[in-house]
Structures are given as C-alpha cells and as structure tokens.
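Student:
In the numbering used here, the protein residues as written are 94 to 342.
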C-alpha cells in the first residue's frame, strides 16, 4: 500500500455492529505494477419485513487506495530534517518483536536474469501501528487524547496517506536483527492554525556491519518504511474540521 487519498470520514459503526468493506478496481498499470482501488466501509445490508433488500446503506468511510507490488529498496535514510517555527522534529524508539516481520520470496529481474532470494519486511499494518504510536506521543499520550475528547470535544483523525514505501532486509540481516528496537523519526508540520498536521514518518533500524579494522561491529541505520500521513482536528459532535484547539495542546 503506497498511498491513501480522498479519504472521507463520516461516522463509525456502533460498538459490536457488523459492517462490510467493498473495493472497486479503478485503474491498473502494468508498467509499475500498481493498482488503484476505491474502498468503502458500509453498513451491513438488511432486509425489510417482506424480505426485500433495504436500500438505506450507511457509508462510514471511503478512500482511494494505491497498491504496488514493485519492490522498494531504500538504502539511505539520509534526509533533511531541518525545521521551521511551524514544524517539530521528534524521534522515538519502540520494541519490535520477531513476529512483526514477514518473510517473503523476493524476485529481482534484470535484462537477462531473474533471481529469487528470501527477505524480510515489516507489513503495512505494523508500520502504521508504529507511526500511530509516535503520533499519540506527539499529541501528549493517551491521557491527553482522552482529555481532548471528553473536555474539549476534539478528535484527531487521519485523512490521507501519501508517498508510502516499504523496503526489505535480506535474509542474513533479517535473521540477525529480528527483535531489535526500531526508531520512528517524524517531522510534524502544523498548518491552518493547527487544524491540519502533516506527519513525515520514517521507520528505521540500526544494523550491525562487520568491520575488519575494529573488534566490535559498527552500526548502519537502515530505512524500513516511510509515509506522509495527514491528520485533522474534528469536532467530536459534528465531525466537522475545527481549529478551536485548547491552549495546553
């Protein structure tokens, strides 16, 4: 999953209720192995007393999702992290357990050869979980978010994800480093009086590199994934965007 755009958040299913996720293929590109899907989360269709399908279907959420099967090998984590007065740069480490990685058979095709090797990557669900935990820290933690909702009537929701990329570790690096902590680096850019915050996320891991000139291995920081996620402040009662943020935030 490399991008989520045109996201529309309308409401949420009630606790314990059922819902349906539908997808319609909008575009397919063979050149770069990408597909664009229109995804909708809707209420479960019901029947009236006569057994006829109820035409009233609630659309809870909708988004355009871009999927890509092209492997991304992001070798260098170097990036300009300079910030302005409206930006904040923050880094935080999180434990990453071996079962949060997936192994897959990586295929590399060149002009006249086709090779396969085992490799590891962190699936998109784990990547977005790490990014979410970092955003929660940025906003003050779970207690602050609860206070923001209950006392100030404000929710923060994700409205878009762009420039998503996931790279992989080769079999040796993966086997030697599974279970090591990962680092989330984020540049937060506040816009429209704080109503919109763009989060430039990067997920990294320190990899040991054998060095014949030293007894102990040196470290190289490898980029595992990146994405730009946009979050917006909403009034919890109207679900409308708001910049009426409390001073303590």
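C-beta atoms are modelled at their ideal positions from N, C-alpha and C, and glycine is treated no differently.
Compare the Cα-Cα distances from residue 221 to each of 251, 120 and 301 and report the closest residue.
Tutor: The option with the nearest alpha carbon to residue 221 is 251.
Student: How many Å lie between residue 336 and residue 191 at the Cα?
Tutor: Cα-Cα distance, rounded: 41 Å.
Student: So what's residue 153 in DSSP terms, helix, strand or just coil?
Tutor: Three-state DSSP puts residue 153 in a strand.
Student: Taking just the CA atoms, how far does residue 210 sit from residue 292?
Tutor: Between residue 292 and residue 210, the C-alpha separation is close to 34 Å.
Student: What residues are listed by DSSP as bridge partners for residue 230?
Tutor: None, per the DSSP bridge assignment.
Student: Just to confirm before moving on: does the CB-CB distance between residue 296 and residue 282 stay below 8 Å?
Tutor: No. Outside cutoff.
Student: Measuring alpha carbon to alpha carbon, tell me which residue in 328, 319, 338 and 262 is nearest residue 313.
Tutor: Measuring from the Cα of residue 313, the nearest candidate turns out to be 262.
Student: Could you pull out every unbroken beta strand (DSSP E) segment of at least 3 residues lying fully inside the region 235 to 309, listed in chain order?
Tutor: With a minimum length of 3 residues, the continuous beta strand (DSSP E) runs that stay inside the region 235 to 309 are 247 to 259, 275 to 284 and 289 to 302.
Student: Please name the residue, chosen from 331, 311, 278 and 127, that lies closest to residue 317 on a Cα-to-Cα basis.
Tutor: Nearest of 331, 311, 278 and 127 to residue 317, Cα basis: 278.
Student: With DSSP run on the structure shown, which of helix, strand or coil describes residue 221?
Tutor: Note: residue 221 maps to helix in three-state DSSP.
Student: Under a Cβ-count criterion, where at least 16 other Cβ atoms within 10 Å of its own Cβ denotes burial, should residue 286 be classed as buried or exposed?
Tutor: By the 10 Å Cβ count, residue 286 comes out exposed.
Student: CA-CA distance, residue 213 and residue 195?
Tutor: So the alpha carbons of these two residues sit roughly 6 Å apart.
Student: Given this structure, state the Cα-to-Cα distance separating residue 127 from residue 118, to the nearest angstrom.
Tutor: In a straight line, the C-alpha of residue 127 is about 11 Å away from that of residue 118.
Student: Just the Cα atoms here: how many angstroms apart are residue 125 and residue 159?
Tutor: Roughly 12 Å between the two C-alpha positions.
Student: Report the rounded CA-to-CA distance for residue 149 versus residue 103, giving the unit in angstroms.
Tutor: Roughly 15 Å separates the two Cα atoms.
Student: At the level of alpha carbons, what is the spacing between residue 234 and residue 142?
Tutor: When rounded, the distance between both Cα atoms is 47 Å.
Student: Would you tell me roughly how many angstroms separate the C-alpha atoms of residue 219 and residue 145, rounded to the nearest one?
Tutor: If you take the alpha carbons of residue 219 and residue 145, they lie about 41 Å apart.
Student: Pull up the DSSP beta-bridge partners for residue 130, would you.
Tutor: Beta-bridge pairing links residue 130 to 118 and 158.
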